[in-house]
Structures are given as structure tokens and as C-alpha cells.
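In our numbering, the protein residues as written are 90 to 453.
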């Protein structure tokens, strides 16, 4: 993306919120080139203004944000950031918008929405800038499905048995392997794509750390559970994870692995700052795994903005863990993997569709 300020269209049914968001963005160096009160108007404004990024409210009268994103991606594809309610219902709608092609979302807090957004000005501006530079070809479930279908037609997929410990040396997940996956912008689809390709009978247990608010991580865990052969739940304090189980770090909290005994991990949910700037933080979880787990460890950094995970992968590397990072071409936003790779702690940089095989050891 060029060095110039990203050009933005703000879509919200509240005139006050449109003005507030526009003021926040412009004060942060983002140029607002248009506004719209609903999805239908947004299509016209975007077509005329041709912005770099759109901020789209989810719930609007007439054409809502989900339908607007579907139409936008078909008629005038533009990186889109959803502004969603900080509720479980908002999570359902937001995931539908991500499936339709939205790149990321910014959760409106409960209570007085405007005050909450104002307190997060810097984060909103940073997210808009990141989304403006996103690769739309990697966003959305429809695009993901089409890409997977094309890949399946050009290559013969490995059978599930080829990814278990019963295969030849170097081709299977080692017994009691612990997996830590970290991601941010573009992560929900990327994580789903990776874990859905992992065999349910692999001797594997682990944690997914996705930058996401608390109201969303439970639904995200359910979504992953429905999509893959492994059992996936939202992390709870004191939870124990065994073979074939994954936990999604709870939004708004850090997650540590405090011990690993008898083939099971014990998790601790922490409601305090750790100086990372985000909660949950990939760094916190990876560092704890490096300290607590003696069995084989694999760390994976997927698409996302920022540098969370770069310290964590170094901690993992120091204890002999295998570290994988998603490559630039397959990332929605090449931030976290780039920063991780720059540390020298990454063993393999792989396309998204090769990450699951990398976890299984086929690309170690």
C-alpha cells in the first residue's frame, strides 16, 4: 500500500456515530471521503468515492451490514471493517459478515457506545489502516472455499492416517504434541482453515490465541468445533486439555499453560494486564508453554497486524520447539508473521494451506 493516508467511507445508521467515527479517523490521519446511513446508500457512495477501506456498521435498517458486504464484494470489492455490537448476538452477525468477505471487525462496547469508541481511538485508527492494506483475495469464507476447491483439484490430499504418529518417521505428529496458534486480523478464517485440516486422531492438544473480544471467543470456539474433527472449547480457568482437544483463549483475558502432566495440559485464565497491549496475548501463552511443557511443542503464527507473538516464538525456539509462520502471499495482513520471522526463531514459512501439513511434520 502507498504511504498516503487511506481513504475511507464510514457507514452507520446513526448520524452522530458517523460524525464521531469520521472525527476519530481524521484526527488519526485517515481521510474520510464519504458517509452512508445504510447498506444500500453505502454501495452507491463506495462506487463513487472508490475508497481504500470501508467501516461498516453491522445492524442497520433496510440493507444491513451483512448484505451490504456481500453486495460490495460482488460489485466493488473494498476492504471492509465491521463495527459490531459487543454482544453474543453481535458475534453471530459479525462472523456472518466475515464469511461474506469483511476483513476484520471492531467491537463496540456495551453501554454508552460513543464513549467506548472514543476511548479506543488509537486502536480504531490502527485497525482501519491495517484493513486498508489487506489482501481481499484471502478474506471471506466464500473465497476460502473457492481457493480450497481449486487446490484440491490440483493436488492429491494426504489421507488422515498420513498425519498421525503411525506414519513413517518425520511424517506424523509426535505423541503428546502441544500446539499454540496465534493470529489477529484475518485470523478467524485462517485458524478455521488450519484446524479443520488436522486429523481428529492426531496425538495433539493445544490452544488458539485469536485477538478477539470476550463476547466473541465462545462463538468462535463453537464455530471451530463445528468445522473440525478435534474438540474445541473456550478456555476456562483450571481447564485440562487432553488428546484431540483445543481451547480458544478467552477474549479480554490472558491464557497460560501452567503445567503438563500425564498427557494433559492445565490452563489458567488471567484477568490482569501483562504489558502486551492486547488481551489475549500470544506472547503470554507461548512463554508459559515454553516454561511448563516438556513434551514436543509447535508454535504457529498466522495472519494479523502488530508484533504479538514475536517474543513468544523466541521463547519456544529456545526450548527446542518447532515454529511455523504463514507466508506473505497467503496472509490477509502480513504483520505478526513478518515480525515473528524477523526474529530468526521461525523454522518454516508456509502458505496457509500447508500449515496443517507443517504441524503434522510433513514439512518440518
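Backbone N, C-alpha and C define an ideal beta-carbon position, used for all residues, glycine too.
Item                                                                                                                                                                                            : Value
Whose CA, out of 117, 297, 102, lies closest to the CA of residue 128?                                                                                                                          : 102
What separation, rounded to the nearest whole angstrom, lies between the Cα atoms of residue 226 and residue 112?                                                                               : 30 Å
According to DSSP, is residue 215 helix, strand or coil?                                                                                                                                        : helix
Go through its chain and collect everything with a Cβ distance to residue 399's Cβ below 6 Å, but skip five positions before and after it.                                                      : 428, 429, 432
Pull the bridge partners of residue 270 from the DSSP assignment, please.                                                                                                                       : 297, 389
Would you identify the three-state DSSP class for residue 374, choosing helix, strand or coil?                                                                                                  : helix
Nearest to residue 312 by CA position, among 169, 336, 354, is which residue?                                                                                                                   : 336
Does the distance from the CB of residue 223 to the CB of residue 422 come in under 8 Å?                                                                                                        : yes
Quick one: what does DSSP say residue 142 is sitting in, helix, strand or coil?                                                                                                                 : strand
Do residue 330 and residue 293 come within 8 Å of each other at the CB atom, strictly closer than that value?                                                                                   : no
Between the Cα of residue 396 and those of 426, 351, 414, spot the shortest distance and give me the residue it belongs to.                                                                     : 426
For residue 123, write down the residues that DSSP places opposite it in a beta bridge.                                                                                                         : 98
Who are residue 437's beta bridge partners in DSSP?                                                                                                                                             : 413
Just how far apart, CA to CA, sit residue 419 and residue 318?                                                                                                                                  : 24 Å
Going by the DSSP bridge assignment, what does residue 326 pair with across the sheet?                                                                                                          : Looking at the DSSP assignment, residue 326 forms no beta bridge with any residue, so it has no partner.
Okay, do the stretch 410 to 419 and the stretch 296 to 304 touch, 3+ Cβ pairs below 8 Å being the bar?                                                                                          : no
Taking the beta carbon of residue 183 as the centre, do at least 16 other beta carbons fall within 10 Å, making it buried, or is it exposed?                                                    : buried
Could you check whether the stretch 115 to 135 touches the stretch 150 to 166, counting it as contact only if at least three pairs of C-beta atoms, one from each stretch, sit closer than 8 Å? : yes
Put residue 186 into one of helix, strand or coil per three-state DSSP.                                                                                                                         : helix
Measuring alpha carbon to alpha carbon, tell me which of 358, 382, 123, 110 ends up nearest residue 350.                                                                                        : 382
Assuming the contact rule is C-beta atoms closer than 8 Å, residue 107 and residue 140 should be a hit. Round their C-beta distance to whole Å, please.                                         : Not really, about 14 Å apart at Cβ, beyond 8 Å.
Which residues does DSSP pair with residue 173 in a beta bridge?                                                                                                                                : 196
Which whole-angstrom value is the C-beta distance of residue 121 and residue 114, which I expect to be below 8 Å?                                                                               : 6 Å
Under 8 Å between the Cβ atoms of residue 265 and residue 188?                                                                                                                                  : no
For residue 93, does the three-state DSSP call read helix, strand or coil?                                                                                                                      : coil
Per the DSSP calculation, residue 348 is bridged to which residue(s)?                                                                                                                           : 355
State the DSSP-derived secondary structure class of residue 320, mapped to helix, strand or coil.                                                                                               : strand
Quick one: residues in its chain with C-beta nearer than 8 Å to the C-beta of residue 376, no 5 flanking neighbours on either side, listed in chain order?                                      : 400, 401, 404
State the Cα-Cα distance for the pair residue 328 and residue 386, rounded to the nearest angstrom.                                                                                             : 19 Å
Just the Cα atoms here: how many angstroms apart are residue 356 and residue 436?                                                                                                               : 26 Å
Please list, in chain order, all residues of the same chain as residue 334 whose beta carbon is under 7 Å from its beta carbon, the five residues on each side excluded.                        : 294, 319, 320
Comparing the CB of residue 387 with every heavy atom of the ligand HEM, is any distance shorter than 7 Å?                                                                                      : Judged by which ligands are present, the structure shown has none, so any question about the ligand HEM falls away.
Does DSSP classify residue 362 as helix, strand or coil?                                                                                                                                        : coil
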